[in-house]
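Protein chains: 2
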Amino acid sequence: MVGTLLLIKPNLNLHFSCVSSQHPSHFTLKPKAAVTITNPHPYWASLQADIEAHLRQAIPIKEPLVVFQPMHHLAFSAPRTTVPALCLAACELVGGHRHLAMPAASALLLIQAATHAHEHLPLTKPRPIPEPEPVHLYAPNIELLTGDGIVPFGFELLARSDDPAHRNSERILRVIIEISRAVGTQGALNAQYIKTLGSGAQSDGKGLSHVERIKRAAEKKEGGLHACSAACGAVLGRGSEEEIERLRNFGFYVGMMHEMLKRKENNEEEEEEVIIDEVRNLALKELQLFKDRDVEAISTFINF
Amino acid sequence: MVGTLLLIKPNLNLHFSCVSSQHPSHFTLKPKAAVTITNPHPYWASLQADIEAHLRQAIPIKEPLVVFQPMHHLAFSAPRTTVPALCLAACELVGGHRHLAMPAASALLLIQAATHAHEHLPLTKPRPIPEPEPVHLYAPNIELLTGDGIVPFGFELLARSDDPAHRNSERILRVIIEISRAVGTQGALNAQYIKTLGSGAQSDGKGLSHVERIKRAAEKKEGGLHACSAACGAVLGRGSEEEIERLRNFGFYVGMMHEMLKRKENNEEEEEEVIIDEVRNLALKELQLFKDRDVEAISTFINF
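Those protein sequence lines, which keep their order, are chains A and B.
Residue numbering for the first sequence is 297 to 600, as defined by this note's numbering.
Residue numbering for the second sequence is 297 to 600, as defined by this note's numbering.
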């Protein structure tokens, strides 16, 4: 239930754990129109196509094939998410050309692909593995090695994009920190710890219920990765600190919305569509800072 | 047999695959004194102690313990190598204070520790696993997650060391590229592909014998990691390009020597101590550029 996922009760304020403290979000529920997932929007599809074209250049299928074929397969067969494309969209919103954010978008796609491969590795001791199970084209040791190899390659792509003529070294280093944290043990990987180990993986030490753990994991993974992606796009597009933080919040809400919609599509949630709409409103509120710009494109991430 | 490891035959030139093309190494064998491994030199021990103290600050045991205890354990229980310490030694040789190279040394230690943990993960399909088998304090999924988390943390440490006052952003980005390549599918991970998949993992497509594969894997792993480490230390210590390349070559020879000595200690090699001495001579030759400086400290990496 989406409502339960967000720990919503009528007339109670909603409080997320991961949003920038600069713009805390509290709101009271009001019924709104229902939302459904439709096909990917052409803007998202265009951004995604650009990222994949960039990656096809970066990871050609070349000799030795035993190394590069699995790498190519892993990068292009992992489930697509809106995380990398949001990075480019945020960059464009703050006035940067999307190519400025391409290395960060590519690194995010690659690291998510590596995480997906490792999540489905067949270990001797069973563990919770997310559905659907991918087709394993390669032996477990190759899947392990390929995931391990693709992560530093993502950081290499980022570091290589340094261009002294653009004086962007410090922005790239900032993005490396953002991505390291968002994908690491305090970020998306923390979601796996929470799912595996329960509330002991929480730094606040609170005993969380199963439903609360799902919510916290979503905040760390989908919320945190989208927040990071949008913030990185804004950093690389030379956005102001205010713009970066607003887009970080926007990204967080995008991620939470997508997670809710996914759970709804998978019939894990049955009600409280109204909550999704409330999160969309919170996201839209973050875009008010950009009211003099064309926010239509990035709004497609929350309007289906 | 060390001689076989290096494909040495009397009166034939020795040719390594990984050394900088700036200073190719060919030499004809001449018998020299035997070498043995003794206890770690106090200089190495001092550098290693500094790195571990730095990491104890960077990875405190804190809440949530289920996340940070395994991370701490993984970082400090993996077998010690000379790779991280060589980074500080190279930095000092070019005139930098060792703290300048500390983030790179720490990242190298962490990424090596992650590789070690993943090398010993119990997968459902058996694979060649290096001896000795470590004590598995944690379940396989936690070992997998911890290894996955520690790699981005290593890159984060590096990126965080950026200090605009020192204008070192570009050097740090260069080091991130160096380390990404040295640990990735073209570097140390390639050694695992070669060991697992045979000569198909070679980009030159040559059919290699078992012995040749061991040599090539050592060049990629021990040679490549030490070469990277020394080059990174020189970069961060503000060495010249000539100094960086000489130290890269020196590091490569250090790595190859250590691998030969390890194999000898493990009774995998029985003869050809002379070869180790020849590699030492090649390493010393690279230090000639620094003849006006005190090379005694860094020479301890090749004088046992």
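Beta carbons: idealized from backbone N, C-alpha and C, even for Gly.
Bear in mind the structure is a predicted one, so any value in this text is a computation, not a measurement.
Problem set entry | Beta-carbon neighbours of N414 of chain B, restricted to chain A and to distances below 7 Å | Here the sequence assigns His to residue 414 of chain B, which means Asn is not the residue at that position. Chain A residues near H414 of chain B: L440 and D444.
For this session: Taking all protein chains shown into account, decide if K516 of chain A is buried (16 or more other Cβ within 10 angstroms of its Cβ) or exposed.
Result: With a 10 Å radius around the Cβ and a threshold of 16 neighbouring Cβ atoms, K516 of chain A comes out buried.
Exercise. Do E429 of chain B and H412 of chain B have their CB atoms nearer than 8 Å?
Worked result: Remark: C-beta atoms of E429 of chain B and H412 of chain B do not approach each other more closely than 8 Å.
Problem set entry | Span separating the alpha-carbon of F364 of chain A from that of I357 of chain A | Rounded to whole angstroms, F364 of chain A to I357 of chain A spans 6 Å at the Cα level.
Exercise. Between the Cα of P426 of chain A and the Cα atoms of A:V390, A:A374, A:L384 and A:R477, which residue gives the shortest distance?
Worked result: In terms of CA proximity to P426 of chain A, A:A374 leads the group A:V390, A:A374, A:L384 and A:R477.
Problem set entry | Environment of A461 of chain A [buried if 16+ CB atoms lie within 10 Å] | Exposed is the call here.
For this session: Please go through the same chain and pick out, in chain order, the residues whose beta-carbon is closer than 7 Å to the beta-carbon of R470 of chain B, but skip the five residues on each side of it.
Result: Around R470 of chain B: V531.
Exercise. Does P380 of chain B get closer than 8 Å to chain A when you measure Cβ to Cβ?
Worked result: Chain A has no Cβ within less than 8 Å of the Cβ of P380 of chain B.
For this session: Mind listing the chain B neighbours of Q488 of chain A? Cutoff is C-beta to C-beta under 7 Å, in chain order.
Result: Per Cβ cutoff of 7 Å: L441.
For this session: Alpha carbon to alpha carbon, how far is V507 of chain A from A371 of chain A? Give it in angstroms, no decimals.
Result: Computed Cα separation, rounded: 32 Å.
Exercise. Mind checking if R589 of chain B is an interface residue toward chain A, Cβ cutoff 8 Å exclusive?
Worked result: Not one beta carbon of chain A lies nearer than 8 Å to the beta carbon of R589 of chain B.
Exercise. Would DSSP call L419 of chain A helix, strand or coil?
Worked result: In this structure, L419 of chain A counts as strand in the three-state DSSP scheme.
For this session: Please confirm if L370 of chain B has its CB atom under 8 Å from at least one CB of chain A.
Result: Not one chain A Cβ lies under 8 Å of L370 of chain B.
Exercise. For T442 of chain B, which of A:R456, A:H350, A:R463 and A:L485 has the nearest alpha-carbon?
Worked result: Among A:R456, A:H350, A:R463 and A:L485, the Cα nearest to that of T442 of chain B is on A:L485.
Exercise. What is the rounded straight-line gap between the Cα of K581 of chain B and the Cα of V575 of chain B?
Worked result: Those two C-alpha atoms are separated by around 10 Å.
Problem set entry | Host alpha helix (DSSP H) of I425 of chain A (start-end) | Careful: I425 of chain A lies outside any alpha helix (DSSP H) and carries neither H nor E.
Problem set entry | Contact list for L419 of chain A against chain B, beta-carbon separation under 8 Å | Ordered by position in chain B, the residues that pass the 8 Å Cβ test against L419 of chain A are L417, P418, L419, T420, P436, N437 and L440.
For this session: Pull up the distance between the alpha-carbon of R352 of chain A and that of N437 of chain A, whole angstroms please.
Result: In a straight line, the C-alpha of R352 of chain A is about 24 Å away from that of N437 of chain A.
Problem set entry | Sub-8 Å separation of A409 of chain B and C383 of chain B beta-carbons | Not a contact, by the Cβ cut-off of 8 Å.
Problem set entry | chain A contact for I472 of chain B (CB, 8 Å cutoff) | Yes, because at least one Cβ of chain A sits closer than 8 Å to the Cβ of I472 of chain B.
Problem set entry | Pair within 8 Å by beta-carbon distance, V379 of chain B and H522 of chain B | Taking 8 Å as the Cβ cut-off, V379 of chain B and H522 of chain B qualify as a contacting pair.
Problem set entry | Cα-Cα separation, D458 of chain A to A579 of chain B | Taken atom to atom, the span from the alpha-carbon of D458 of chain A to that of A579 of chain B is near 33 Å.
Problem set entry | Interfacial residues, the segment 449 to 471 of chain B to chain A, with Cβ spacing under 7 Å | Hits within the stretch, in order: F449, F451, E452, A455, R456, D458, P460, S465, E466, I468 and L469.
Exercise. Per DSSP, what kind of secondary structure is E359 of chain A in: helix, strand or coil?
Worked result: Coil, per DSSP.
Problem set entry | Test item: CB-CB of S465 of chain A and S505 of chain B under 8 Å | For S465 of chain A and S505 of chain B, no; Cβs fall outside 8 Å.
Problem set entry | Cutoff 8 Å: T481 of chain B Cβ touching any chain A Cβ | T481 of chain B counts as touching chain A.
Exercise. Mind checking N599 of chain A: buried by the 16 CB within 10 Å criterion, or exposed?
Worked result: Within a 10 Å sphere around the beta-carbon of N599 of chain A sit fewer than 16 other beta-carbons, which makes this residue exposed.
For this session: Compare the beta carbon distance of E473 of chain B and E452 of chain A with 8 Å and say whether it is the shorter of the two.
Result: The sequence given here places Ile at residue 473 of chain B; Glu does not occur at that position. Going by C-beta atoms, I473 of chain B is nearer than 8 Å to E452 of chain A.
Exercise. How many angstroms separate the CA atom of P448 of chain A from the CA atom of D444 of chain B?
Worked result: One C-alpha to the other measures close to 11 Å.
Exercise. What's the call for K560 of chain A, buried or exposed, on a 16-neighbour Cβ count within 10 Å?
Worked result: Buried is the call here.
For this session: Using alpha carbons as the reference points, say which of A:S476, A:H368, A:I347 and A:E388 lies closest to F586 of chain A.
Result: Among A:S476, A:H368, A:I347 and A:E388, the Cα nearest to that of F586 of chain A is on A:E388.
Problem set entry | Where the alpha helix (DSSP H) containing F451 of chain B begins and where it ends | Its alpha helix (DSSP H) spans residues P436 to R456.
For this session: Indicate the three-state DSSP secondary structure (helix, strand or coil) for I571 of chain B in the structure shown.
Result: In the three-state DSSP reduction, I571 of chain B falls in the helix class (H, G or I).
Problem set entry | N563 of chain B, DSSP secondary structure in three states | Here N563 of chain B sits in coil by DSSP.
For this session: For M553 of chain A, go through chain B and note every residue whose CB falls closer than 8 Å to its CB, in chain order.
Result: Think of a sphere of 8 Å around the beta carbon of M553 of chain A: no beta carbon from chain B falls inside it, the nearest being about 26 Å out.
Problem set entry | Three-state class that DSSP yields for A374 of chain A in the structure shown | The three-state secondary structure of A374 of chain A, taken from DSSP, is coil.
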